[in-house]
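A.B. asks: Here it is: the structure, laid out below.
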Amino acid sequence: MARVIMIASGKGGTGKSTVATYLSHELAFKGYRTFLTELDMGFRSIDVISGISEMTVYDVGDVLDGSCSTDKAIVASPHTDKLHIMAAPGRKSGVKLQNLKSFVDSIYNSYDYIILDTAAGIGEVFEAALPVSNMAIVVATPDAVSVRDARIVSDEIYYGGIKDVRLVINKYNKDTFRHSGFADGDSIIDACCAQLLGVVPNDEQLHLSAMTGKPLTSGSITKKVFSSMVERLNGSHVQIIVK
Ligand SMILES: Nc1ncnc2c1ncn2[C@@H]1O[C@H](COP(=O)(O)OP(=O)(O)O)[C@@H](O)[C@H]1O
Ligand SMILES: [Mg+2]
């Protein structure tokens, strides 16, 4: 039975889709059967980041509508056969999000992890993903506005019934952190009130990989960060890498 994780944020552009994709890669590389879909209607990006844009014909909107079978819309990752991906709807409106629960139920026994990449804030996608998830990851960048908004989202998730809420601090840069308004990482954790899962560096190479649908560079610090997040997700007490 799958662990269903919603990826959320307060502000847009914090890196939800990027984190969702590379976390899914590392889960799959470690042998977990992983399903990744993006629910940011009309603003798809996971197809590009995960290198499946050329292979995508149908999307999760078509599946929720019942206009296409799940099998047709699933694309296997070009980087690992343990990862199955379904692109976000190419349209903004008319997606039958009310069918998300029955869709997730239908694939629940086929995967170890189901990753639902949502849209920023607490709109209809957030509301649809919350009741079908049993865990959440909130992605924030290290700045006052992003962290404040992450706290709002984190509280909404908690009061919505998910008690396991983890924080990913993304685009961390040790040289500019002093301008963040926070004394240290612990102050961000306190402000967000969520357990820290990982700190992802601001990494130009990651950005290039994401824009060209490539996996993270083997042996890179950023890849190690994602790999250690998977270990933490699975209960290992590995140290947080901060670079
Ligand atoms: N750790 C990072 N280092 C450098 N660039 C990043 C990082 N994380 C995300 N980005 C870039 O930030 C932009 C927004 O990321 P994206 O994942 O689409 O955000 P969201 O899904 O929250 O809107 C993209 O151009 C992406 O490549
Ligand atoms: Mg996104």
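Positions in the sequence shown are counted from 1; adding 32 to them yields the working numbering.
C-beta: ideal position from N, C-alpha, C; glycine also.
These numbers were taken from a predicted model, which means no experiment stands behind them.
Drop a sphere of 10 angstroms on the beta-carbon of ALA76, count the other beta-carbons inside from all chains shown, and report buried for 16 or more, exposed for fewer.
C.D. replies: According to the sequence shown, residue 76 is Arg rather than Ala. The residue in question, ARG76, is buried, as its Cβ has 16 or more Cβ neighbours within 10 Å.
A.B. asks: Please state whether DSSP places LYS62 in a helix, a strand or coil.
C.D. replies: LYS62: coil per DSSP, three-state reduction.
A.B. asks: Throw me the rounded Cβ distance for the ILE201 and VAL231 pair, which I believe falls under 8 Å.
C.D. replies: Indeed they touch by this definition, with Cβ atoms about 5 Å apart.
A.B. asks: Looking at SER56 and SER4, is the spacing between their C-beta atoms short of 9 Å?
C.D. replies: In the structure as shown, the chain starts at 33 and stops at 275, and residue 4 therefore has no counterpart that could be examined.
A.B. asks: Give me the Cα-Cα distance between TYR90 and ALA105, rounded to the nearest whole angstrom.
C.D. replies: One C-alpha to the other measures close to 5 Å.
A.B. asks: Of all the beta strand (DSSP E) runs that stay within the bounds of the stretch 217-256, which reach a length of 3 or more residues?
C.D. replies: Qualifying beta strand (DSSP E) stretches, in chain order: 227-233.
A.B. asks: Between the alpha carbons of VAL127 and ILE117, how many angstroms are there, rounded?
C.D. replies: Their backbone Cα atoms lie some 18 Å apart in a straight line.
A.B. asks: Measuring only the C-alpha atoms, how far is SER134 from VAL95?
C.D. replies: Rounded to the nearest angstrom, the two C-alpha atoms are 11 Å apart.
A.B. asks: Just how far apart, CA to CA, sit PHE158 and SER268?
C.D. replies: For PHE158 and SER268, the distance between alpha carbons rounds to 29 Å.
A.B. asks: At what residues does the beta strand (DSSP E) containing ALA40 begin and finish?
C.D. replies: 35-40 is the span of the beta strand (DSSP E), which, as asked, contains ALA40.
A.B. asks: What are the boundary residues of the beta strand (DSSP E) that VAL152 is part of?
C.D. replies: The sequence as given places Ala at residue 152; Val does not occur at that position. Note, ALA152: premise wrong, no beta strand (DSSP E); not H, not E.
A.B. asks: Which ranges does the beta strand (DSSP E) cover as unbroken runs of at least 3 residues, wholly within the stretch 79-124, from first to last along the chain?
C.D. replies: Whole beta strand (DSSP E) segments, 3+ residues: 115-118.
A.B. asks: Is LYS275 helix, strand or coil by DSSP?
C.D. replies: The answer is coil: DSSP assigns LYS275 none of H, G, I, E or B.
A.B. asks: Take ALA60 as the anchor and find which of LYS124, VAL80, ASP144, ASP103 has the nearest alpha-carbon.
C.D. replies: Looking at the Cα atoms, ASP144 is the closest of the given residues.
A.B. asks: Can you give the beta carbon distance from ALA52 to VAL92, rounded, assuming they're within the 8 Å contact cut?
C.D. replies: That belief does not hold up - the Cβ atoms of ALA52 and VAL92 are roughly 13 Å apart, past 8 Å.
A.B. asks: Answer with buried or exposed for ARG198, where buried requires no fewer than 16 other C-beta atoms within 10 angstroms of its C-beta.
C.D. replies: It is buried - the Cβ of ARG198 has at least 16 other Cβ atoms within 10 Å.
A.B. asks: On the DSSP bridge assignment, give the partners of LEU68 in chain order.
C.D. replies: Partner(s): ILE117, ILE147.
A.B. asks: For ligand 2, I want to know if GLU156 counts as a neighbour, meaning its beta carbon is within less than 8 Å of at least one of the ligand's heavy atoms.
C.D. replies: GLU156 Cβ: outside cutoff for every heavy atom of ligand 2.
A.B. asks: Assuming LEU229 contacts ARG264 under a Cβ cut-off of 8 Å, what Cβ separation, rounded to an integer in Å, is found between them?
C.D. replies: Yes, LEU229 and ARG264 are in contact; Cβ-Cβ is about 6 Å, under 8 Å.
A.B. asks: Take LEU148 as the anchor and find which of ASN141, SER142, VAL164 has the nearest alpha-carbon.
C.D. replies: That would be VAL164, whose Cα lies nearest to the Cα of LEU148.
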